[in-house]
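Just below is one structure, and these are the notes that go with it.
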Amino acid sequence: DQEATFTATRALTAGTHTVRVEFYDAYQEAVAKVSWVGAPPPPNATAPVPVIETPVAGATWKVGDTLAFSGSASDPQDGALPASALTWEAILQHCPSACHAHPLQTFTGVASGSFPAVDHEFPAYIDLKLTATDSTGATASVTRRLDPRTVPITVNSAPQGLQLTFGSRTAATPFTTTMIEGGTSSVSAPSPMTLNGTSYNFTSWSDGGGQSHNIVAGATAATYTATYTAAGTGPPPTSCGPAQYLAEYFANKTLTGTPASQGCEAGPLNKDWALGAPTGVGPDNFSARWTGNFDFATPGSYTFTATADDGIRVYVDGTILIDQWKDQEATFTAARTLTAGTHQVRVEFFDSYQEAVAKVGWTETPATPPPATTCPTGQYRAEYFGNTTLTGTPARTVCEAAPLNKSWGTGGPAGVPVNNFTARWTGTFTFTAGNKTFVATTDDGVRVYLDNVLIINRWTTSGTTRVTRNVTAGAHVVRVEYIERTGSATARLTW
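Numbering (my numbering), first residue to last: 150 to 644.
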């Protein structure tokens, strides 16, 4: 019989061990406590030496590349360490001034693997970090910096000196910025704009894009020039060239009388005046008509998408395709089979009050493959819905490779509108045993299930969510549910 504390030391191998405690109480106080802590490495322990073999020092990348890595580690006490002793981390460093880190992916217990090079605003680079842990618990890390390939992008205007927007930067032209090769950024030419007392209206971009559109950085330097025309110079045009609209603006909601202003505007139609209005009319109770001839390269079905606040009508070759002439804030789609060649597109629009938005575009509708019913292990069964409720028959069902890494920008997947759609990805994947950190990055909402258990629930906001779960070795079902409302569309999941 006693009241005391005892300690003992035992050397153990890494892994699972059985602990058995036997206890009895004779009288009065009854206390039984057992605990243990790992002993520090012995005084003569030496840290392991990790080595990153690939990618080699000085390797570069562009957006969309698959970055393969491999490495090893050795230890004076243990010799060559197994893959289970290795942990890899891919970290994006964004350095607008001081650098801050965006963790991309973690790999545990492997000697090699790969991850995709993601898009990000420059300046940025990727740190690949390898950490080795020996049998005593001693650790050591080595990091390899992977710089992107970059290209200079110049933004200009005619006349020079107008304030244009590139990504998050607005400046007087000309100005030059740096992009990562393969990266995407937006360019915008506000209109009208005043320079030295003269008002200018946007006419076209040198690449043929809309007034606001996205560009993708190639392998060489590029210049994008926005052309403006001084307001009130020369008689108004009565027709415009290929891929341009004759735009007519009316100071009423009925498209009647003489246009208050008119001119040629490059397609696609992408107008968002917010609480403002085009030149010549007030901010409310106006209408507009855009008429243009556009080339459709191949015969087939084309899906037209119209976004409006308020009323909109879309005609193709004089036949109405979308007829939504009412006060609203909505997006509509409709399909039309067209022959190859030139077709006339006419858009009619009115605004009642407050926000004024008119956007029309089209894409060739891909041939519909037979719906996938099952997909191989390691792939997702992807289902896309033209609604925000994941209900009804999917507009498209296909098998897609993992990891889930979708970045549609302001577009969207085939078969559904660019806004207000949902998607579900379901797949069976083989896991090794241990803790797995699931990282979901989305714009907008996401839900993630592991074996039908909800582990990430962020259905109403954009952002990045991380959660760690202990997973047994073998096959597990991962399901991702995603919603896109408006703006950019991104869906990524890694573990």
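Cβ coordinates follow ideal geometry from the N, Cα and C atoms, glycine included. Keep in mind it's a predicted model, so treat the numbers as computed, not measured.
Inset, instruction - Quick one: give me the first and last residue of the beta strand (DSSP E) that H166 is part of. - result: The residue given as residue 166 occupies position 17 in the sequence shown. Counting along the chain, H166 falls outside any beta strand (DSSP E), and DSSP gives it neither H nor E.
Inset, instruction - Would you tell me roughly how many angstroms separate the C-alpha atoms of V463 and F445, rounded to the nearest one? - result: As a first step, residue 463 must be located in the sequence shown, where it is residue number 314. As a first step, residue 445 must be located in the sequence shown, where it is residue number 296. When rounded, the distance between both Cα atoms is 17 Å.
Legend entry - Residues bridged to T486 (per DSSP): The residue you call residue 486 lines up with position 337 of the sequence shown. Answer by DSSP bridge pairing, in chain order: S450.
Legend entry - Cβ contact (3+ pairs, closer than 8 Å) linking the segment 287-297 and the segment 358-365: no
Inset, instruction - Using a threshold of 8 Å, state whether the C-beta atoms of A260 and A229 are closer than that. - result: What you label residue 260 is simply residue 111 of the sequence shown in a count that begins at 1. What you label residue 229 is simply residue 80 of the sequence shown in a count that begins at 1. In this structure, A260 lies away from A229, with their beta-carbon atoms at least 8 Å apart.
Inset, instruction - Report yes if the C-beta distance between Y373 and V304 is below 8 Å; otherwise report no. - result: One-based indexing of the sequence shown puts residue 373 at position 224. One-based indexing of the sequence shown puts residue 304 at position 155. Yes, they are a contact pair.
Inset, instruction - Leaving out five residues on either side along the sequence, give the residues of the same chain with a beta carbon under 6 Å from the beta carbon of V626. - result: Residue 626 sits at position 477 when you count from the first residue of the sequence shown. Non-local C-beta neighbours of V626 in its own chain, meaning closer than 6 Å and more than five positions away in sequence, comprise T577 and D600, ordered along the chain.
Inset, instruction - Compare the beta carbon distance of G412 and A437 with 8 Å and say whether it is the shorter of the two. - result: Taking the sequence shown and counting its residues from 1, one reaches residue 412 at position 263. Taking the sequence shown and counting its residues from 1, one reaches residue 437 at position 288. No. Outside cutoff.
Inset, instruction - From the DSSP output, read off the bridge partner residues of P301. - result: Position 152 of the sequence shown, counted from the first residue, corresponds to residue 301. Paired residue(s): T327.
Inset, instruction - Express the C-alpha separation of T215 and Q226 in angstroms, rounding to a whole number. - result: Taking the sequence shown and counting its residues from 1, the one referred to as residue 226 is at position 77. Taking the sequence shown and counting its residues from 1, the one referred to as residue 215 is at position 66. Near 36 Å, if we compare the C-alpha coordinates of T215 and Q226.
Inset, instruction - Give me the Cα-Cα distance between R634 and E549, rounded to the nearest whole angstrom. - result: Counting from 1 along the sequence shown, the entry for residue 634 is found at position 485. Counting from 1 along the sequence shown, the entry for residue 549 is found at position 400. Cα to Cα, the separation comes out at about 23 Å.
Inset, instruction - To the nearest angstrom, report how far apart R530 and T447 are at their CA atoms. - result: Indexing the sequence shown from 1 puts residue 530 at position 381. Indexing the sequence shown from 1 puts residue 447 at position 298. Each residue's alpha carbon lies about 30 Å from the other.
Legend entry - Nonlocal neighbours in the same chain, by C-beta distance under 7 Å from D276, ignoring five residues either side: Translated into positions along the sequence shown, residue 276 becomes position 127. Same-chain partners within the cutoff: I240, Q242, T292 and R294.
Inset, instruction - Have a look at the DSSP bridge pairing and note the partners of L599. - result: As a first step, residue 599 is located in the sequence shown; it is residue number 450 there, counting from the start. Its beta-bridge partners are V602 and V627.
Legend entry - Under 8 Å between C-beta atoms of A551 and G583: Locating residue 551 in the sequence shown gives position 402, where the first residue counts as 1. Locating residue 583 in the sequence shown gives position 434, where the first residue counts as 1. Not a contact, by the Cβ cut-off of 8 Å.
Legend entry - In chain order, each beta strand (DSSP E) run of at least 3 residues that lies wholly inside the segment 360-414: 361-365, 371-379 and 393-399
Inset, instruction - Using DSSP bridges, identify the partner residues of R438. - result: What you label residue 438 is simply residue 289 of the sequence shown in a count that begins at 1. DSSP lists E397 and E497 as partners of R438.
Inset, instruction - Verify the CB distance criterion: does V616 have a CB-CB separation below 8 Å to chain D? - result: Among the chains of the structure shown, chain D does not appear; only one protein chain is present.
Legend entry - Nonlocal neighbours in the same chain, by C-beta distance under 6 Å from L487, ignoring five residues either side: Working through the sequence shown from its first residue, we reach residue 487 at position 338. Excluding sequence neighbours, L487 sits near F445 and Y451.
Inset, instruction - Please report how far the alpha carbon of G564 lies from the alpha carbon of G431, in whole angstroms. - result: Numbered from its first residue, the sequence shown carries residue 564 at position 415. Numbered from its first residue, the sequence shown carries residue 431 at position 282. Answer to the nearest angstrom: the Cα atoms are 37 Å apart.
Inset, instruction - Give the secondary structure of S184 by DSSP, where H, G and I count as helix, E and B as strand, and everything else as coil. - result: Along the sequence shown, read from residue 1 onward, the residue named residue 184 stands at position 35. Reduced to three states, the DSSP call for S184 is coil.
Legend entry - Cβ separation of T581 and W644, assumed to be a contact under 8 Å, to the nearest whole Å: Within the sequence shown, numbered from 1, the residue matching residue 581 stands at position 432. Within the sequence shown, numbered from 1, the residue matching residue 644 stands at position 495. In fact, because the Cβ distance is near 11 Å, the residues do not count as touching under 8 Å.
Inset, instruction - Identify the continuous beta strand (DSSP E) that holds C524 and give its terminal residues. - result: Position 375 of the sequence shown, counted from the first residue, corresponds to residue 524. Run containing C524: none; DSSP gives neither H nor E here.
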